[in-house]
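Here the structure is laid out as structure tokens; the discussion comes afterwards.
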Ligand SMILES: [Zn+2]
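Residue numbers (my numbering): 95 to 511.
Rendered as structure tokens:
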């Protein structure tokens with residue numbers, strides 16, 4: 095475990111800083127990436143200027159290396175740095191100033207943090223540097239932005255020559271040699287720099303769904319009949335495509351994405367759990383909006399989507415997709431059936447929309463919105479140990495009802511070895 099963490103820190107170091115010190119080289123004996131408590135701390139952010147010149151200053155407990163680059167569609171400035179602990183007030187970054195519309199910060203991988211600035215209009219990074227602490231002043235990250243236009247912005251991206259994004263390896267397989275039990279992949283939504291939705295009282299979707307997913311994992315493992323793999327087990331970001339890829343590469347029998355939705359105040363109130371499957375046409379406008387919001391995760395984390403591969407058109411893939419769709423629907427109905435007795439359901443609990451994370455053509459996939467963090471009663475449930483316990487039990491029941499017929503040997507997908 096520590097080997098992997100170290101090599102990720104190394105990868106990240108090499109990617110961001112163009113070289114790594116001896117201390118960062120992968121060494122099987124070396125300790126894992128620094129614990130969050132040892133990481134430099136960002137304690138304050140200040141914005142100044144107007145919509146022609148805007149400056150961001152971040153106070154830091156020590157000097158770090160940063161690397162800034164820009165991304166289009168939408169216009170963003172991304173700053174990569176070694177792992178930083180952000181100790182900033184809850185709503186920091188929600189409102190911007192001048193060229194900065196809003197910004198986010200957080201872990202993008204073990205050992206690496208990132209600040210993503212949403213620009214109000216095209217701008218260039220005039221300067222991005224860190225000043226050493228001196229006298230009474232802490233170390234400071236200073237970013238100067240100047241207004242430009244789309245043409246100049248796109249030209250700058252082209253000449254920046256940004257290195258390819260090195261993605262961390264997927265988590266290790268839990269399968270011992272010869273273990274042929276069906277694999278269930280649990281996918282806690284969001285993470286790291288991507289907080290997901292947030293309750294008025296501050297609870298974040300990424301935390302709620304991770305805690306719930308860990309409980310669900312333990313309960314499924316306890317049956318002894320299935321293997322479980324999580325797309326993340328900590329507060330870090332995982333691109334949507336990697337989540338799907340993990341399930342496909344490991345030939346998962348089932349993929350369950352866990353989320354907790356929110357409505358904006360003007361959208362009224364709603365409560366209860368909803369189970370989603372994939373369809374190109376959303377079942378209704380709210381489902382379409384939700385899928386759009388969930389699909390923004392990669393944009394939020396500062397990924398360049400222009401390099402993503404297109405789906406391969408293949409008749410075999412199409413056939414698999416059709417079969418998978420039937421299984422996904424079947425499982426979704428089973429979940430709704432078992433959840434009915436454990437949790438409050440949304441009035442139309444079975445819906446569909448075009449969620450990127452459900453697009454594996456060969457793995458039955460559903461996305462469970464546990465409830466609305468924007469609803470008082472739902473939020474109370476979502477953070478209650480008892481509610482989580484009942485709800486996770488209900489999902490385990492559904493998993494078992496769906497997969498156990500396949501264990502008997504008359505199964506379709508479990509026979510794919
Ligand atoms: Zn979500």
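All C-beta atoms in this analysis are idealised placements derived from N, C-alpha and C, irrespective of residue type, glycine included.
#1: Just to confirm, is the Cβ distance from residue 239 to residue 171 under 8 Å?
#2: Tell me the DSSP secondary structure of residue 375 in three-state form.
#3: Measure the CB-CB distance between residue 166 and residue 248 and report whether it falls below 8 Å.
#4: Taking 7 Å as the cut-off, is the C-beta of residue 286 nearer than that to any heavy atom in ligand 1?
#5: Residue 299: beta carbon under 7 Å from a heavy atom of ligand 1?
#6: Anyone know if the C-beta pair for residue 497 and residue 347 falls short of 8 Å?
#7: Considering only C-alpha positions, which residue in the set 450, 427, 140, 312 is nearest to residue 351?
#8: State yes or no: is the C-beta of residue 442 nearer than 7 Å to some heavy atom of ligand 1?
#9: Does ligand 1 have even one heavy atom less than 7 Å from the beta-carbon of residue 291?
#10: I want to check one thing, is the minimum distance from the CB of residue 200 to the heavy atoms of ligand 1 below 7 Å?
#11: Taking the alpha-carbon positions, what's the residue 301 to residue 493 distance?
#12: Mapping DSSP to helix, strand and coil, what is residue 164?
#13: Mapping the DSSP letters down to three states, classify residue 331 as helix, strand or coil.
#14: Flag residue 283 as yes when its Cβ comes closer than 7 Å to any non-hydrogen atom of ligand 1, and as no otherwise.
#15: Does DSSP put residue 123 in a helix, a strand or coil?
#16: Indicate the three-state DSSP secondary structure (helix, strand or coil) for residue 180 in the structure shown.
#17: With DSSP run on the structure shown, which of helix, strand or coil describes residue 147?
#18: Below 8 Å on the Cβ atoms is my guess for residue 446 versus residue 376; work out the distance and round it to an integer in Å.
#19: How should residue 441 be labelled, buried or exposed, when 16 other C-beta atoms within 10 angstroms of its C-beta is the threshold for buried?
#20: Report yes if the C-beta distance between residue 82 and residue 330 is below 8 Å; otherwise report no.
#21: Based on Cα-Cα distance, which residue from 217, 178, 485 lies nearest to residue 434?
#22: Look at the alpha carbon of residue 208 and the alpha carbon of residue 371, and state the distance between them as a whole number of angstroms.
#23: Let me make sure I understand the geometry here. Which of 459, 326, 221 has the alpha-carbon closest to that of residue 160?
#24: Can you name, in chain order, every residue of its own chain whose Cβ lies under 6 Å from the Cβ of residue 67, other than the five neighbours on each side?
#25: In chain order, what residues of the same chain have a beta carbon less than 6 Å from the beta carbon of residue 146, not counting five sequence neighbours either side?
#26: Alpha carbon to alpha carbon, what distance is there between residue 354 and residue 194?
#27: Do you know offhand how far residue 185's Cα is from residue 409's?
#28: Would you decide whether residue 156 is buried or exposed? Buried here means 16 or more other CB atoms lie within 10 Å of its CB.
#29: For residue 279, I'd like the list of residues in its chain whose CB is within less than 6 Å of its CB, leaving aside the five on either flank, ordered along the chain.
#30: Taking the C-alpha atoms as reference points, what is the distance between residue 418 and residue 328?
#31: Within 10 Å of its beta-carbon, does residue 316 have 16 or more other beta-carbons around it, so buried, or fewer, so exposed?
#32: Can the beta-carbon of residue 387 be found less than 8 Å from the beta-carbon of residue 202?
#33: Spatial neighbours of residue 366 within its chain, please: C-beta separation below 8 Å, excluding the five flanking residues on both sides.
#34: Going by DSSP, what residues sit across from residue 445 in a beta bridge?
#35: Rounded to whole angstroms, how far is the Cβ of residue 196 from the Cβ of residue 212, which I believe are closer than 8 Å?
According to the structure data:
#1: Sequence index remark: in the chain shown, residue 239 carries index 145 (1-based). Sequence index remark: in the chain shown, residue 171 carries index 77 (1-based). Pairing residue 239 with residue 171 gives a Cβ-Cβ distance under 8 Å.
#2: Position 281 of the chain shown, counted from the start, is the residue given in the question as residue 375. Residue 375: coil per DSSP, three-state reduction.
#3: Position 72 of the chain shown holds residue 166. Position 154 of the chain shown holds residue 248. Result yes, Cβ atoms of residue 166 and residue 248 sit closer than 8 Å.
#4: Here residue 286 refers to the residue found at position 192 when the chain shown is read from its first residue. No.
#5: As a first step, residue 299 must be located in the chain shown, where it is residue number 205. It does: the Cβ of residue 299 is within 7 Å (strictly closer) of some heavy atom of ligand 1.
#6: In the chain shown, the residue the question calls residue 497 occupies position 403. In the chain shown, the residue the question calls residue 347 occupies position 253. Yes, the Cβ-Cβ distance between residue 497 and residue 347 is below 8 Å.
#7: Residue mapping note: residue 351 aligns to position 257 of the chain shown, counting from 1. Looking from the CA of residue 351, the closest CA among 450, 427, 140, 312 belongs to 450.
#8: Within the chain shown, residue 442 is the residue found at index 348, counting from 1. For ligand 1, not one heavy atom lies less than 7 Å from the Cβ of residue 442.
#9: Taking the chain shown and counting its residues from 1, the one referred to as residue 291 is at position 197. Yes, since a heavy atom of ligand 1 falls inside the 7 Å radius drawn around the Cβ of residue 291.
#10: The residue labelled residue 200 in the question sits at position 106 within the chain shown. No, since every heavy atom of ligand 1 falls outside the 7 Å radius drawn around the Cβ of residue 200.
#11: The residue given as residue 301 occupies position 207 in the chain shown. The residue given as residue 493 occupies position 399 in the chain shown. Just so you know, the alpha carbons of residue 301 and residue 493 end up roughly 23 Å apart.
#12: Position 70 of the chain shown, counting from 1, holds the residue named residue 164. Judged by DSSP in its simplified three-state form, residue 164 adopts strand.
#13: Position 237 of the chain shown, counting from 1, holds the residue named residue 331. DSSP places residue 331 in coil when its eight states are reduced to three.
#14: The residue given as residue 283 occupies position 189 in the chain shown. Checking the Cβ of residue 283 against ligand 1 gives yes.
#15: Position 29 of the chain shown, counting from 1, holds the residue named residue 123. With a pLDDT of only 44 at residue 123, under 50, the local geometry of the prediction cannot be trusted, and the value read off the model is given with reservation. Looking at residue 123 - three-state DSSP - the assignment turns out to be coil, as it is neither helix nor strand.
#16: Counting from one through the chain shown, the residue named residue 180 turns up at place 86. Three-state DSSP puts residue 180 in a strand.
#17: Sequence index remark: in the chain shown, residue 147 carries index 53 (1-based). Under the three-state reduction of DSSP, residue 147 is assigned to strand.
#18: Start at 1 with the first residue of the chain shown, and residue 446 comes out as number 352. Start at 1 with the first residue of the chain shown, and residue 376 comes out as number 282. Sure, about 7 Å apart at Cβ, within 8 Å.
#19: Here the question's residue 441 lines up with position 347 in the chain shown. Under this definition residue 441 is an exposed residue.
#20: This structure gives no information on residue 82, because the portion of the chain shown stretches from 95 to 511.
#21: The residue you call residue 434 lines up with position 340 of the chain shown. Answer by Cα proximity: 485.
#22: Translated into the one-based positions of the chain shown, residue 208 becomes position 114. Translated into the one-based positions of the chain shown, residue 371 becomes position 277. One alpha carbon belongs to residue 208, the other to residue 371, and they sit about 32 Å apart.
#23: As a first step, residue 160 must be located in the chain shown, where it is residue number 66. The residue with the shortest Cα to Cα distance from residue 160 is 221.
#24: With the chain represented from 95 up to 511, any question about residue 67 goes unanswered, as that position is not in the structure.
#25: Here residue 146 corresponds to residue number 52 of the chain shown, with the count starting at 1. 241, listed in sequence order.
#26: Walking along the chain shown from the start, residue 194 turns up at place 100. Walking along the chain shown from the start, residue 354 turns up at place 260. Rounded to the nearest angstrom, the two C-alpha atoms are 28 Å apart.
#27: By 1-based counting over the chain shown, the position of residue 185 is 91. By 1-based counting over the chain shown, the position of residue 409 is 315. If I take the Cα positions, the gap works out to 48 Å.
#28: As a working note, residue 156 is residue 62 in the chain shown. That one is exposed.
#29: Taking the first residue of the chain shown as 1, we reach residue 279 at position 185. Counting only Cβ-Cβ distances below 6 Å, and skipping sequence neighbours, we find 323, 341, 346, 349.
#30: Start at 1 with the first residue of the chain shown, and residue 418 comes out as number 324. Start at 1 with the first residue of the chain shown, and residue 328 comes out as number 234. If you take the alpha carbons of residue 418 and residue 328, they lie about 29 Å apart.
#31: Position 222 of the chain shown holds residue 316. Only exposed fits residue 316, as fewer than 16 other CB atoms lie within 10 angstroms of its CB.
#32: Taking the first residue of the chain shown as position 1, residue 387 is located at position 293. Taking the first residue of the chain shown as position 1, residue 202 is located at position 108. Residue 202 sits away from residue 387, with the two beta carbons spaced by 8 Å or more.
#33: Residue 366 sits at position 272 when you count from the first residue of the chain shown. Cβ contact annotation for residue 366 (same chain, cutoff 8 Å, sequence separation greater than five): 437, 438, 439, 440, 441, 443, 465, 466, 472, in chain order.
#34: Working through the chain shown from its first residue, we reach residue 445 at position 351. For residue 445, the pairing in a beta bridge is given by DSSP as 370.
#35: As a working note, residue 196 is residue 102 in the chain shown. As a working note, residue 212 is residue 118 in the chain shown. That pair is a contact at about 5 Å.
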